[in-house]
Each structure stands twice: as C-alpha cells, then as structure tokens.
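Structure, as structure tokens:
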Amino acid sequence: MIKKTRGNLIFYKWIFINFLLLVIIEPNYIIGQNTKTDTLQISDTTECVDEEFSFFMLDVSYTNNKVDSKDQINEPIPVLFTDVSYFHKSGIWTGLMFSDYLSADSLSYDFDFQLGFQKYLFNDLFDFDINYTYHKYYGESIFEGIKYNHALNASTGLTYEFFYLYADGNFYLDNENYFTNFGLSLTNNLDKVFFKNDYLYIQPTGSITYGTDYWLYDIFKPYIENYLIPLLRFRGYPVDNLSSEDLTEQYLSNNGLSTNTYSYQGVDLFIPVTYGINNVSLMFSWMYYIPSDKLKAFGMRNQSGYFISLSFIF
Numbered sequence: 468m469i470k471k472t473r474g475n476l477i478f479y480k481w482i483f484i485n486f487l488l489l490v491i492i493e494p495n496y497i498i499g500q501n502t503k504t505d506t507l508q509i510s511d512t513t514e515c516v517d518e519e520f521s522f523f524m525l526d527v528s529y530t531n532n533k534v535d536s537k538d539q540i541n542e543p544i545p546v547l548f549t550d551v552s553y554f555h556k557s558g559i560w561t562g563l564m565f566s567d568y569l570s571a572d573s574l575s576y577d578f579d580f581q582l583g584f585q586k587y588l589f590n591d592l593f594d595f596d597i598n599y600t601y602h603k604y605y606g607e608s609i610f611e612g613i614k615y616n617h618a619l620n621a622s623t624g625l626t627y628e629f630f631y632l633y634a635d636g637n638f639y640l641d642n643e644n645y646f647t648n649f650g651l652s653l654t655n656n657l658d659k660v661f662f663k664n665d666y667l668y669i670q671p672t673g674s675i676t677y678g679t680d681y682w683l684y685d686i687f688k689p690y691i692e693n694y695l696i697p698l699l700r701f702r703g704y705p706v707d708n709l710s711s712e713d714l715t716e717q718y719l720s721n722n723g724l725s726t727n728t729y730s731y732q733g734v735d736l737f738i739p740v741t742y743g744i745n746n747v748s749l750m751f752s753w754m755y756y757i758p759s760d761k762l763k764a765f766g767m768r769n770q771s772g773y774f775i776s777l778s779f780i781f
C-alpha cells in the first residue's frame, strides 16, 4: 500500500488557490470599473460630467477550497483573505494582502505587496494593468505553493456591450515559471434593485490557462516520494538514482505527455454575483476548474468551490 500524507495536498491546493485568486482580482476590477468615476451635477448646465477620484478599498474574503484527487483526497483547505488597496485617480495603485490558511496546525499565511498602474481608455472600452508583486510565505511548508518572491503581472481587456474579453500574464522573476490566461465574461448590471442607490452585478466568466510546468518539481516532491517512486519501482523502472525532474519527465513521457514546456493547463469557470449599496458590496461566486490531461496524470480531478467577499470603498 502506498502511504498517503497531507503533503499530497500541496499540489492540489496550489492549483485551486490560483484558480480562486482569479476571482479575487476580478471583483477588484469590477468595483474599480464601477467606482473609478463620480458623477457630479454642474449647477450652470444640465449636463453631467464624470470626474475621476481616488479611493481605498478593504476586502475580506473566504473560500472553502475543497480539494479532490483520484487518490480520494477530499479535504477542505479554507482560506481567509484580507486585502487593503489604494487606487489613485492617476491610475497608480498599491495593495497589501494576507491569506490565512485556517486548517493549518500553526499560523500559516501568504503576504503579498503589490504596486501597479491601471488605465481605462477610449471611453472605458479598453483597459490595461501592469503591476509588481512581492510575495512571502510564512508557516507550515505543506501549505506553500510556488516558491517565489518577485513577480510581474500584466492584464488587458476589451469591453463591447455585454462582453468583456481579457488576457493576463504572470511572470515569476526568481524562477522559470510564467502563465497566461485568456477569458471572456458576460456582464449584466442592474441598478435600483431595491433602493435608489443599490445595484446587482452578475458576471459569468470562462477562461483558459497556459503556462510552464517547472513548478511541478517543487510542488510534487511529496507526491513523487510517496506515490510516483513506488509506482515506477513496482513497474520495474530503475528510480533510485533519478532526480525529481527525471522522474517527472519519465512519468509524463510514459503517459504520452511532455514536461519543461509551455502548454495548456486548464479551464476556469466562475459566476460571481455582487450586490452593493452605496460603497459596500457583498459578492458570492461559484467556481469550477477543469485541469489538463497533464495535471490529471498526477491525480488532479475537476474542482469546485465557492468564494464569498465583503468589500468597503472609502
């Protein structure tokens, strides 16, 4: 019998957390898009003009982050996120985010500092964002995802009527990993739902992710030790003198897959529904992730979960 440990969850946690982080970023875009201007009535004219202004945003979010695999791992790894951001009317923004892993035996969390620039052009038809992230993890090693400290992120989007087409890129500066994400959202914004100053925002979204897979070697160390090595040894392969990279490459090759490549990694589906009144909003999102065949070869199953976020703008 192959021994299973909580370490096997590292890989599944990382994939699903990164999938969930898309929803953290997306509501910030939604709120920023809806609140980046303030409509003012000018006394000597009947016209209304839009004036850009600066604001702070506080986000408190929770996800159940339930993880499933073909090895029958079915363990929730709930995470509490606290995000404080400042958006200046010039387009410069900065933020601090703490991600607390609630099921850890000792305090375990991610700390992220971001500094970026975003802009909306052509009457908000086109937008882009470029930002730098400093990342640090503290706590139990089994909850740590990709090991990195510095990253550059870029995103751009095009709005046409009810459609929002976007592309994101994430580049880790202290390792060889980078990822791209391409998505399409349908937007529906209802004003004055119950009161004159409330709104309901629904944005079903689908996206596809491509990326490198060098992170497999770090994330899969417990999986390789507790599952892959015994499996390959049982099948008669000489494994005692092989590195993690060699084992991963050999295992994927035996399954008709390659490694050390930029390739398709999965599909994300999520349906965020946001209700807001004045400068307070509550968002609930259902999420679903479909991994690639390469990730399924390592035990990844389709994932689902939910995400709740309470936001304040001031």
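Whatever position you read off the sequence shown (first residue = 1), add 467 for our numbering. Glycine is no exception: its CB is placed at the ideal position from the N, C-alpha and C atoms. Keep in mind that this is a model prediction, so the values were computed, not measured.
query, result
"Pairwise C-alpha distance: residue 555 and residue 580", "16 Å"
"Cβ neighbours of residue 743 in the same chain (closer than 6 Å, five flanking residues each side left out)", "666"
"Residues of its chain near residue 704, where Cβ-Cβ distance is below 8 Å and the 5 sequence neighbours each way are ignored", "717"
"Coil, strand or helix - residue 476 by DSSP", "Confidence in residue 476 is poor, its pLDDT being 44 and thus under 50, which makes the residue's placement too unreliable to answer from."
"Proximity winner among 738, 691, 663, relative to residue 772 (alpha-carbon distances)", "738"
"Sequence-distant residues of its chain with Cβ nearer than 6 Å to residue 751 (five each side left out)", "740, 775"
"Residue 617, buried or exposed, once every other Cβ within 10 Å from all chains shown has been counted against 16", "exposed"
"Burial state of residue 747 (16 or more Cβ within 10 Å)", "exposed"
"Coarse secondary structure for residue 608, derived from DSSP in three states", "helix"
"Residue 695 in three-state terms, based on DSSP", "helix"
"Cβ contact (3+ pairs, closer than 8 Å) linking the stretch 648–658 and the stretch 712–726", "no"
"CB of residue 615 within 8 Å of CB of residue 645, strictly", "no"
"Per-residue burial, residue 660 [other beta carbons within 10 Å of its own, 16 or more giving buried]", "exposed"
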